[in-house]
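Peer 1: Residue numbers (our numbering), protein chains in the order written: chain A, 14 to 169; chain B, 14 to 169; chain C, 476 to 586; chain D, 476 to 586.
All residues carry an ideal CB built from backbone N, CA and C; glycine is no exception.
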Ligand SMILES: Nc1ncnc2c1ncn2[C@@H]1O[C@H](COP(=O)(O)OP(=O)(O)O)[C@@H](O)[C@H]1O
Ligand SMILES: Nc1ncnc2c1ncn2[C@@H]1O[C@H](COP(=O)(O)OP(=O)(O)O)[C@@H](O)[C@H]1O
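(1) Using a Cβ-Cβ cut-off of less than 7 Å, list which residues of the stretch 125-145 of chain A approach chain C; keep chain order.
(2) Please list, in chain order, all residues of the same chain as residue 96 of chain A whose beta carbon is under 7 Å from its beta carbon, the five residues on each side excluded.
(3) Cα separation between residue 49 of chain B and residue 58 of chain B?
(4) List the residues of chain D whose Cβ lies closer than 8 Å to the Cβ of residue 68 of chain B, in chain order.
(5) How should residue 104 of chain A be labelled, buried or exposed, when 16 other C-beta atoms within 10 angstroms of its C-beta is the threshold for buried?
(6) Closest by CA to residue 148 of chain B, which one among B:131, B:162, B:139, B:109?
(7) Give me the Cα-Cα distance between residue 510 of chain D and residue 521 of chain D, rounded to the nearest whole angstrom.
(8) So, helix, strand or coil for residue 105 of chain A, using DSSP?
(9) Would you say the beta carbon of residue 569 of chain C is closer than 7 Å to some non-hydrogen atom of ligand 1?
(10) Can you check whether the CB of residue 540 of chain D is closer than 8 Å to the CB of residue 142 of chain B?
(11) In whole angstroms, what is the alpha-carbon distance linking residue 73 of chain A and residue 568 of chain C?
(12) Taking residue 29 of chain A as the query, report the chain C residues whose CB atoms sit under 8 Å from its CB, ordered along the chain.
(13) Would residue 556 of chain C pass as a contact of residue 581 of chain C if the rule is Cβ separation under 8 Å?
(14) Under a Cβ-count criterion, where at least 16 other Cβ atoms within 10 Å of its own Cβ denotes burial, should residue 83 of chain B be classed as buried or exposed?
(15) To be precise: take each residue of the stretch 555-583 of chain C, compare its Cβ to all Cβ atoms of chain A, and keep it if any distance is under 9 Å. Which residues remain?
(16) Under 8 Å by Cβ, that's how I've got residue 41 of chain B and residue 102 of chain B pegged, so tell me the actual separation to the nearest angstrom.
(17) Hey, does residue 46 of chain B have any beta-carbon neighbour from chain A nearer than 8 Å?
(18) For the alpha helix (DSSP H) containing residue 561 of chain D, list its first residue and its last residue.
(19) Classify residue 111 of chain B as helix, strand or coil using the three-state DSSP reduction.
(20) Compute the Euclidean distance between the alpha carbons of residue 15 of chain B and residue 107 of chain B, then round it to the nearest angstrom.
(21) Report back the beta-carbon spacing between residue 43 of chain B and residue 135 of chain A to the nearest angstrom; my notes put them in contact at under 8 Å.
(22) Taking residue 553 of chain D and residue 577 of chain D to be in contact with their CB atoms under 8 Å, please state how far apart those CB atoms are, rounded to whole angstroms.
(23) Along chain D, in chain order, which residues have C-beta atoms closer than 8 Å to that of residue 38 of chain B?
(24) What would DSSP say about residue 67 of chain B, mapped onto helix, strand or coil?
(25) Can the beta-carbon of residue 506 of chain D be found less than 8 Å from the beta-carbon of residue 480 of chain D?
(26) Measure the CB-CB distance between residue 30 of chain B and residue 85 of chain B and report whether it falls below 8 Å.
(27) At 7 Å on the CB atoms, spell out the chain B contacts of residue 535 of chain D, in chain order.
(28) Just list the residues that DSSP pairs residue 577 of chain C with in beta bridges.
(29) I want to verify the contact list: residues of chain B whose CB lies under 8 Å from the CB of residue 85 of chain A, in sequence order.
(30) Let me know the secondary structure DSSP gives residue 479 of chain C once reduced to three states.
(31) Closest Cβ-Cβ distance between residue 43 of chain B and chain F: below 8 Å?
(32) I believe residue 502 of chain D touches residue 537 of chain D by the beta-carbon criterion, under 8 Å. Please report the beta-carbon distance rounded to the nearest angstrom.
(33) Apart from the five residues just before and just after residue 504 of chain D, which ones in its own chain have a Cβ nearer than 8 Å to its Cβ?
(34) Closer than 7 Å to a non-hydrogen atom of ligand 2 - does that hold for the CB of residue 113 of chain B?
(35) Using the Cα positions of residue 145 of chain A and residue 75 of chain B, report the straight-line distance between them to the nearest angstrom.
(36) Is there at least one Cβ from chain A nearer than 8 Å to residue 550 of chain C's Cβ?
Below, the structure is given as structure tokens:
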């Protein structure tokens, strides 16, 4: 049921973690380490990507609920010539991203009742392309950040 | 052909990287981040494990040669009650760890001809158990480090 | 895991200094601490975010929840933050309009 | 990637200060630099490892190779290292018996 993942460039780097909150920090570490190896990416863009991936991992983990200890979240990283792509895949309940409630405007006193629902708006703002692919097995969120060409290989 | 991996505790964390030298640093980062989450492990033991895993990854990558761009190295991490286990799996040429040449003693002037072959002796010294499982598809190196029990979960 | 919370009193305000990463794993500890402070009658709380390396939507949610709780006690929750990367998260979500954000603990506890 | 190499002259010695991680990816740059120095006639080389965060067997191999090359020119390659975790790697492999290891660049270039 899942659409094929458009994979720019070579095979991905993959990180598979148990669907538990304590491992989101590891996903962030891997993403910021991989992103900073591309020297042309500014630090604040690395922070943007790190936060977006973190939000996607948090949602993936929450979609599993607390019950299933064996469930897994798979993070994949591709480097294209002019973009980075990260996907976050879960085996959770799935959802329809079109049907999320809108928040009341921030100046509305009602706004304070919305302690949640900030993750997806953040993701949409932070990266250049977002794609949610709901499927029967779960959800795949694909995040794309545009960037300059990969650093030429300095290895002798 | 591969013996089943004895997996202590829960499902592993997995990191799959292309078999290229530039990614060994990422493997080290993941290992030291995971190990330091176990607070009872002393910093120098974390360094030991990091170096042992790094050596195993280097061998795995070298076993692939430079030719095959699509080949992959898979690192897996398990936490048992009293041990950490890391395995490094490649699809390279395989080898017989019993048949490695011994080095001449370090005081022998001949010793300077051995710029290589220090990796496996290092691994053997640094971790508490090492297991090489050659197979037709490649090699799996299993490294075990003993440690105290996992930190009790502090999450509310 | 990587979160520390230190409480001090200053000029009638309760200052909660947060160090480390606030995410889905650590945010419950921050929430607990805020709830605890409010139940101890601390109704003017300054959350000092200068030591925060990372803050996600879960962390924002906890701060919004704290503010709401304090407002219902006629109190307030204000922030100290000058780090651009943390401020950015408040800006994107429009929360700069909801929280008073100060440059220093001195400024936040001056009133 | 994460490796920097700085060369200075001091008291007739060539000091190569290494910063960062020496592993299978970066060691070729260290090897190249050593070969280059030797071919420029620098035969008394001090490799300063104080800025090194990580050193693996590939790095050891490059240092052994450098020493061998220099000895064949009647030169020497000595090390500066006080970091316990780096010294440990030399100890395990017996290379503390092969290299002169000094506490400081001053000590290494005193002779
Ligand atoms: N991977 C996912 N699987 C299932 N549901 C999801 C997933 N990601 C997001 N959602 C749904 O979208 C809602 C909004 O997500 P988000 O904006 O991140 O806010 P929050 O997670 O705080 O509710 C979530 O509450 C959840 O119902
Ligand atoms: N994963 C592996 N696959 C195939 N051969 C290996 C592997 N690991 C080690 N070897 C063999 O064992 C030899 C010794 O390894 P090591 O002690 O790490 O030193 P070095 O890698 O410097 O030669 C290697 O040269 C290689 O021939």
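Peer 2: Let me lay it out:
(1) For the stretch 125-145 of chain A, which is checked against every Cβ of chain C, the residues closer than 7 Å are 125, 128, 129, 131, 132, 134, 135, 138.
(2) So the qualifying residues of the chain are 21, 157, 158, 159, 160.
(3) Each residue's CA atom was taken as its position, placing residue 49 of chain B and residue 58 of chain B some 10 Å apart.
(4) Result: 531, 532.
(5) Under this definition residue 104 of chain A is a buried residue.
(6) When each option's Cα is compared against that of residue 148 of chain B, the closest is B:109.
(7) Our two residues, residue 510 of chain D and residue 521 of chain D, have alpha carbons roughly 14 Å apart in a direct line.
(8) Of the three classes helix, strand and coil, the one that applies to residue 105 of chain A here is coil, per DSSP.
(9) Outside the cutoff, so no.
(10) Against a cut-off of 8 Å, the Cβ pair of residue 540 of chain D and residue 142 of chain B comes out as no contact.
(11) A direct Cα-to-Cα measurement between residue 73 of chain A and residue 568 of chain C gives close to 21 Å.
(12) The premise fails here: residue 29 of chain A is roughly 18 Å from chain C at the closest Cβ pair, so nothing lies under 8 Å.
(13) No. Outside cutoff.
(14) Its Cβ having fewer than 16 others within 10 Å, residue 83 of chain B is exposed.
(15) Listed by position along the chain: 559, 560, 563, 564, 567, 568, 569, 570, 571, 572, 573.
(16) Incorrect: roughly 17 Å between the Cβ atoms, too far for contact.
(17) It does; some Cβ of chain A falls within 8 Å.
(18) Counting along the chain, the alpha helix (DSSP H) containing residue 561 of chain D begins and ends at 559-567.
(19) If DSSP states are grouped into helix, strand and coil, residue 111 of chain B belongs with the helices.
(20) Caution applies to residue 15 of chain B, whose pLDDT of 42 falls short of 50 and renders its modelled position unreliable; the model cannot decide the point.
(21) Rounded to whole angstroms, the Cβ separation of residue 43 of chain B and residue 135 of chain A is 25 Å, and the two are not in contact under 8 Å.
(22) Contact holds; Cβ gap of about 6 Å.
(23) What residue 38 of chain B touches in chain D: 476, 477, 496, 498, 500.
(24) If DSSP states are grouped into helix, strand and coil, residue 67 of chain B belongs with the helices.
(25) Cβ atoms of residue 506 of chain D and residue 480 of chain D: not closer than 8 Å.
(26) Going by C-beta atoms, residue 30 of chain B is nearer than 8 Å to residue 85 of chain B.
(27) Residues of chain B passing the Cβ test: 131.
(28) Paired residue(s): C:555.
(29) Listed by position along chain B, the residues whose Cβ is nearer than 8 Å to that of residue 85 of chain A are 24.
(30) Correct three-state label for residue 479 of chain C: strand.
(31) Within the model displayed, chain F is absent; protein chains A, B, C and D are what it includes.
(32) Sure, about 5 Å apart at Cβ, within 8 Å.
(33) Contacts found: 478, 480.
(34) Yes, since a heavy atom of ligand 2 falls inside the 7 Å radius drawn around the Cβ of residue 113 of chain B.
(35) Their backbone Cα atoms lie some 38 Å apart in a straight line.
(36) No, residue 550 of chain C lies away from the interface with chain A (no Cβ there is under 8 Å from its Cβ).
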